[in-house]
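The next block holds one structure in the form of structure tokens; read it before the comments.
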Amino acid sequence: MERFLLDCPVTRHDEVALGQYRLFLRMPEIARIARPGQFCMLEVAQGYYPFLRRPMCFEQIFDEEISILYKVEGEGTRLLAQFLPGQAMNVQGPLGNGFPIDAGYGRHILAAGGIGVAALPALAKALTEACGKAPEVILAARSKHLLLCADLFESFGCAVHLATDDGSAGERAFAASVLQRLEPGRGTRVYACGPMIMMRTVSDVARAAGANCLVSLEAQMACGDGACLGCVVESKYEQEGEKMVRVCLDGPVFDTEIIDWEAHNLAYAP
Amino acid sequence: MERFLLDCPVTRHDEVALGQYRLFLRMPEIARIARPGQFCMLEVAQGYYPFLRRPMCFEQIFDEEISILYKVEGEGTRLLAQFLPGQAMNVQGPLGNGFPIDAGYGRHILAAGGIGVAALPALAKALTEACGKAPEVILAARSKHLLLCADLFESFGCAVHLATDDGSAGERAFAASVLQRLEPGRGTRVYACGPMIMMRTVSDVARAAGANCLVSLEAQMACGDGACLGCVVESKYEQEGEKMVRVCLDGPVFDTEIIDWEAHNLAYAP
Amino acid sequence: MPTRPDLGIQLGDLKLKNPVLVASGTFGYGQEYAQYFDISRLGAVVTKSLSREPRAGNKPPRLVETPAGLLNAIGLQNVGVEAYIAEKLPFLRERKATVIANIYGKTVDDYTALAERIEAANAADAIEANLSCPNVHDARQARGVTMVSQSPEAILEYTRAIRQATRLPLYAKLTPNVLDIREPALAAEEGGADAVSLINTLLGMAVDAEKRRPRLANIVGGLSGPAIRPVAVKLVWDASQVLRIPIIGIGGICNAEDAVEFLLAGATAVTVGSMTFRQPDAAMRVLDGLEDYMTRHQFQSLDQLIGAMKV
Amino acid sequence: MPTRPDLGIQLGDLKLKNPVLVASGTFGYGQEYAQYFDISRLGAVVTKSLSREPRAGNKPPRLVETPAGLLNAIGLQNVGVEAYIAEKLPFLRERKATVIANIYGKTVDDYTALAERIEAANAADAIEANLSCPNVHDARQARGVTMVSQSPEAILEYTRAIRQATRLPLYAKLTPNVLDIREPALAAEEGGADAVSLINTLLGMAVDAEKRRPRLANIVGGLSGPAIRPVAVKLVWDASQVLRIPIIGIGGICNAEDAVEFLLAGATAVTVGSMTFRQPDAAMRVLDGLEDYMTRHQFQSLDQLIGAMKV
Ligand SMILES: Cc1cc2nc3c(=O)[nH]c(=O)nc-3n(C[C@H](O)[C@H](O)[C@H](O)COP(=O)(O)OP(=O)(O)OC[C@H]3O[C@@H](n4cnc5c(N)ncnc54)[C@H](O)[C@@H]3O)c2cc1C
Ligand SMILES: Cc1cc2nc3c(=O)[nH]c(=O)nc-3n(C[C@H](O)[C@H](O)[C@H](O)COP(=O)(O)OP(=O)(O)OC[C@H]3O[C@@H](n4cnc5c(N)ncnc54)[C@H](O)[C@@H]3O)c2cc1C
Ligand SMILES: Cc1cc2nc3c(=O)[nH]c(=O)nc-3n(C[C@H](O)[C@H](O)[C@H](O)COP(=O)(O)O)c2cc1C
Ligand SMILES: Cc1cc2nc3c(=O)[nH]c(=O)nc-3n(C[C@H](O)[C@H](O)[C@H](O)COP(=O)(O)O)c2cc1C
Ligand code: FES
Ligand code: FES
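Protein chains in written order, with this note's numbering: chain Z, 4 to 273; chain R, 4 to 273; chain D, 81 to 391; chain W, 81 to 391.
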């Protein structure tokens, strides 16, 4: 798979909600081959603090640009938020497997939890194009002002179901219960991205209903390229050599069936 | 001595020559008590790289502001150069002893080498006020575009003697030979700030002529407050407990007579 | 309204109002930082290492900055115990600071003499014996094992002797440059120390590529700052598994979160060292942040936190 | 016009075109980075540690970022020597990379079997024996001395046995977690190693203050990155004072200046580890920068640089 290491100029950078930003970077080489669900590693610091790059999904993929939607969590994202239009950032990518686009499924439901929504707009667009019909979208977050991208999904023609923990917009519900109500079934593919607990409960509902379910996982990464073996999660594969799957190279998108959700790391997840 | 730890807004920040900047910071509390030759420690990084603060002299002291004139050397000053007007920087100061102002001397000659000039404008102003007559100034640098502050000294009424290593402005000469030509004598006080070798040669000329000579030294600092004992230089004092003098607290201004110029550290100096 | 948490701790016979100390050599003799905050609020001030006679220390350069840390080779420059008592102590007493006198000597006799003198002059509330200074040997000659705390036998001998020389609470400060920290820690405990201080700086070195010279006149120095924190936390945890006496945690502590890390790993007290250079009032921020943390997590006392890491 | 400097070095019977290597565990099996630069330009690629059987490694989380560094507890996950030979080696050969196979086992037999198998399959140009992995013991049980390279006797035994099992150049990779690095280094030399690799990661640990749990599932991990560079430089210098065999320097090397620091302190080769994560082509920047440095200072060959620090 082709990968690049490029200095990419920031073309636009907006705060879209409190502490949440959308960043546009010009990177024709990467944009040309990037697929929904893939990510890049951004060199956010100039010195050695933080030392590592920061992984960020492609939110939208344009001809020569990509956008990233992110939330300020700590030192790295704080530095990221300081980049101004015109400044260049070193980008490594595209990385990861991305979402498979299979028009064979009759129904597609995207479930986003919080900032996890950042992985889904490009997918919604690709599915709309491939299937001739926009997917349904469940947009869940703690509270109203954290519900992002609803307009964007609607612009593709998606039916968007809003849910908040505090009831400040849409239903007072979690993503999994909205999914339940939407009655997925065989022939449905569900795509989940959000906090671990959200992906796990969405998976459970989808599987119980006989639907296929893909999840986009997160893990602390060092290399992003499959070299360091730092970002693994436990799979259900039995063989010693296959037990651990790398979020960066084998993922970040996995069929929920192969993930060992009982394993230690998932208990550790934020 | 009173010291402060304050968040001070940048009020102006200009590149005055290639890689050389003048920074204005608003700090009424510090400006009110600051004296020429004193310095402050600036928190240039937000994270831990670089970990330590950066010492910078007060170039000019106003009622509520001070200015700093600096050269980009490495990571710390590179970060410093990125501060924009309106942003706040944490400042620790005023630190150090500063130059004594003694109108008893009949003649005052300031000798600046390169960016060492940054310590002298406030002194020129104070001497002019105290003596009713502006001091003479020797401004030496590698090349024309590195000769800074000439206008400023002239605005106080100083006679300014320019010298460059490459002859691109003023004489092709070092500061020490200009001083020689100015024939300092008893009753003259010379104030030198610049590279070690320049301060040492200026000292030698001044002493040979029977003039008093003060130098403003530099050293790698950690605390700036006399606590870490990291910034010492060797003095001619004989006693174990007095041998090492702290640039930050006992200095940065020393009478050249007390400095052991033969000592190890001065050979090490850049 | 939750009641305010009790931050008190006990280190031998000394009760401290809170567990936040400032490290030897990074806080001068207290006076240097009294202009930034009220030093009586500290659990204790630990003095620069004191020797029997004044010491000039190593030649400069003595400091190099390194990624997220610094190397120092001060070489124990200090005013000597008599000048400490005459000139530095009155200020500490006047400001009502709790004082731990850090002492350093070349022989057992030096240590016992220092301890006796300090007790006699009522010049500290406790003694920390620096058995681990990396900067007092010329690196051109001495290599390998050069510190008392690199030998359990020597630790035992020194600690026992100092223990006999004074009734003041006694803490032994150890080097991280050993094979297995449990051995020196247990030797200090056996020798009668009331606590061990972990860690002193890690041995390190830096070379100037352009000048092709070591960056420190002493060649070798001690590494401190956030860079070394993971090493220090690990050693505190190791030692806490075998010790009955408390541990004074030191190494890269910059904020309350770092302090909690040490407490959870098994430290009873936490010491702010190099971070004071960066933020002169860092220790106060650690103290305030720790109180917030305890309130937020509803810890009434530090016992509930010390060594409470779930493994 | 100055002639281009000769960057060649000799490590036992292996001549390398330049001294810039990439560290075991930070460069996968070469393929992962071949998309960013021509890996045949490297002095050598050092593989992830290979064991006789595939290993799943430790449970996640396995990584924590720390100031200017990172802690890892991968636990030697690897494909096993057979899959390496069948699936990974062909790519390295096809790309004309010089390959140093890093091997790891639990017993002497594991090491000798691995060395024999690698030589028989012509699967590397040299062998680096990892005698210093910090992450293969459950920290809940094993404490203290857990690595071969923490015991000079064990090093001697292991190195001798591997030396007898293969004619390939043999390098012994040692841990910094010892009292005096000269002892393990000399033991490796006596055992017949052609070079020692200094250093593997420093033992470290991090605790999540909010969750009150260790941040690594394995509790303890190995610290790497620029944070540890001063420690590594010091150990290289110490070892270089007593060894006749060359030293492969490792630890926080990020740029050419850092590489020169190691060479001046006595290393013959320099290895880029964690910095590759930050800049996938970091090793190339080190190589180019080193050539520039030598040209600028008019060094014709590395002999003029290695150990040339003026003290
Ligand atoms: C493949 C992949 C794609 C990603 N895509 C996106 C994206 O498109 N948009 C986006 O906003 N984020 C995304 N993330 C997460 C993002 O990389 C992290 O939030 C970021 O690295 C945090 O860096 P920091 O330095 O700001 O925080 P740190 O200083 O590293 O961490 C600060 C605090 O936040 C916690 N933390 C770190 N990461 C997370 C997390 N993911 N969730 C909850 N707590 C966390 C840490 O434990 C710590 O307590 C992605 C992660 C991966 C692995
Ligand atoms: C009391 C005092 C007052 C000072 N006032 C001023 C001032 O008013 N204006 C100003 O520009 N500078 C001043 N300096 C020097 C200034 O503090 C340093 O240039 C600065 O700390 C360098 O930080 P850095 O992170 O950019 O460089 P670093 O990354 O720390 O160093 C980069 C490179 O430059 C070298 N270097 C560092 N400092 C110097 C130096 N002073 N001279 C030559 N080489 C150096 C280093 O060895 C290194 O190779 C003062 C220093 C002291 C001690
Ligand atoms: C400049 C400096 C001087 C020090 N002097 C001493 C000393 O005199 N005695 C001592 O026991 N420790 C001394 N130390 C070690 C510190 O007390 C502390 O153990 C070490 O710095 C690690 O903590 P830190 O990472 O928080 O700085 C010194 C450290 C520094 C940085
Ligand atoms: C993620 C990771 C995995 C590692 N795996 C191995 C390994 O399998 N075998 C080994 O000998 N060293 C391993 N190391 C140690 C490195 O080879 C190197 O010695 C260490 O990281 C110090 O160098 P650095 O600071 O440049 O990273 C690993 C290091 C890291 C960071
Ligand atoms: S981040 Fe290195 S293997 Fe995934
Ligand atoms: S910088 Fe600490 S004593 Fe001068």
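Quick reminder that beta carbons are idealized off the backbone N, C-alpha and C, glycines included. A quick note: this is a predicted structure, and the numbers were derived from the prediction, not measured.
For this session: Helix, strand or coil for M202/R, going by three-state DSSP, please let me know.
Result: In the structure shown, M202/R sits in a helix (DSSP, three-state: H, G or I).
Problem set entry | Closest residue to A181/W among Q380/W, A209/W and R262/W (Cα-Cα distance) | A209/W
Exercise. Can you list, in chain order, the residues of its chain whose CB lies under 7 angstroms from that of L220/Z, leaving out five sequence neighbours each side?
Worked result: V236, V250, G254, P255 and F257
Exercise. Which residues, in chain order, does the stretch 55-84 of chain Z contribute to contact with chain R at a C-beta distance below 9 angstroms?
Worked result: E78, R81 and L82
Exercise. Going along chain Z, which residues have a C-beta under 8 angstroms from A148/D?
Worked result: Y51 and Y52
For this session: Could you tell me the distance, in whole angstroms, from the CA atom of N298/W to the CA atom of D383/W?
Result: 42 angstroms
Exercise. Pick from Y238/W, A193/W, Q244/W and R247/W: whose alpha carbon is nearest that of K253/W?
Worked result: Y238/W
Exercise. So which residues on chain D does G233/R lean against when the C-beta distance must stay under 7 angstroms?
Worked result: R142, L143, N152 and I154
Problem set entry | Pair within 8 angstroms by beta-carbon distance, T356/W and I330/W | Not closer than 8 angstroms, so no.
For this session: Could you tell me which residues DSSP pairs with C43/R in its beta bridges?
Result: As DSSP reads the structure, C43/R sits in a beta bridge with M59/R.
Exercise. Going straight from the alpha carbon of S229/W to that of N257/W, what length do you get?
Worked result: Taking C-alpha positions only, S229/W is separated from N257/W by approximately 9 angstroms.
For this session: Determine the closest residue to Q223/Z out of F117/W, T146/W and E196/W, with distance taken between C-alpha atoms.
Result: For Q223/Z, the nearest C-alpha among the options comes from T146/W.
Exercise. Near A122/R, which residues of its chain fall below 7 angstroms by C-beta distance, leaving aside the five closest residues on each side in sequence?
Worked result: G40, C60, C196 and S219
Exercise. Roughly how many angstroms lie between the CA atoms of G233/Z and L252/Z, to the nearest whole one?
Worked result: 11 angstroms
For this session: Examine chain W for any beta-carbon lying closer than 8 angstroms to the beta-carbon of R6/Z, and answer yes or no.
Result: Closer than 8 angstroms to some Cβ of chain W, the Cβ of R6/Z qualifies, so yes.
Exercise. With contact counted as at least three CB pairs below 8 angstroms, one residue from each stretch, are the stretch 86-101 of chain R and the stretch 37-52 of chain R in contact?
Worked result: By the criterion of at least three beta-carbon pairs nearer than 8 angstroms, the stretch 86-101 of chain R is in contact with the stretch 37-52 of chain R.
Exercise. In whole angstroms, what is the alpha-carbon distance linking L83/R and E270/D?
Worked result: Answer to the nearest angstrom: the Cα atoms are 52 angstroms apart.
Exercise. Hey, G92/W and A206/W are a contact pair by Cβ (cut 8 angstroms); roughly how many whole angstroms apart?
Worked result: 7 angstroms
Exercise. Which residues bound the beta strand (DSSP E) around K314/W?
Worked result: Element bounds for K314/W: not the beta strand (DSSP E) but the alpha helix (DSSP H), R309 to S320.
Problem set entry | Interface residues of the stretch 268-293 of chain D facing chain C [CB-CB below 9 angstroms] | The chain inventory of the structure shown lacks chain C, comprising the protein chains Z, R, D and W.
Problem set entry | Other residues of its chain near G31/R: CB distance less than 6 angstroms, five sequence neighbours each side excluded | It should be pointed out that residue 31/R corresponds to Pro in this sequence rather than to Gly. E67, listed in sequence order.
Exercise. Does DSSP classify T14/Z as helix, strand or coil?
Worked result: strand
Problem set entry | Contact between the stretch 135-155 of chain D and the stretch 302-322 of chain D (3+ Cβ pairs under 8 angstroms) | Counting Cβ pairs under 8 angstroms, three or more are found: they touch.
Problem set entry | Closer than 9 angstroms at the beta carbon, the chain D residues around A345/W | M285, V287 and P294
Problem set entry | Within chain D, partners of A91/R - CB distance below 7 angstroms | Simply none; closest approach about 15 angstroms.
Problem set entry | Complete runs of the alpha helix (DSSP H) confined to the stretch 279-359 of chain D [at least 4 residues] | 309-320, 336-345 and 355-358
Exercise. Hey, would you say the C-beta of K97/D is under 7 angstroms away from at least one heavy atom of ligand 1?
Worked result: no
Problem set entry | Contact with chain R by Y184/D, beta-carbon distance below 8 angstroms | no
Problem set entry | For P187/Z and A176/Z, the rounded distance between their alpha carbons | Going from the Cα of A176/Z to the Cα of P187/Z covers about 17 angstroms.
For this session: Could you check the C-alpha separation between D338/D and G353/D for me, to the nearest Å?
Result: So the two alpha carbons sit approximately 12 angstroms from each other.
Exercise. Within the 8 angstroms Cβ cut-off, does V159/W reach chain Z?
Worked result: yes
Exercise. Ligand 4 heavy atoms versus the CB of A225/Z: any closer than 7 angstroms?
Worked result: yes
Exercise. How long is the line joining the alpha carbons of P2/R and D288/D, rounded to whole angstroms?
Worked result: There is simply no residue 2/R to check, as chain R begins at 4 and stops at 273 in what is shown.
For this session: Could you tell me which uninterrupted alpha helix (DSSP H) segments, each at least 4 residues in length, are contained entirely in the stretch 107-184 of chain W, listed from first to last along the chain?
Result: Uninterrupted alpha helix (DSSP H) stretches at least 4 residues long and entirely within the stretch 107-184 of chain W occur at 111-114 and 169-174, given in chain order.
For this session: Can you grab the Cα-Cα spacing for the pair V102/W / L169/W, in whole Å?
Result: 16 angstroms
For this session: Compute every distance between the C-beta of V250/Z and the non-hydrogen atoms of ligand 5, then say whether any falls below 7 angstroms.
Result: yes
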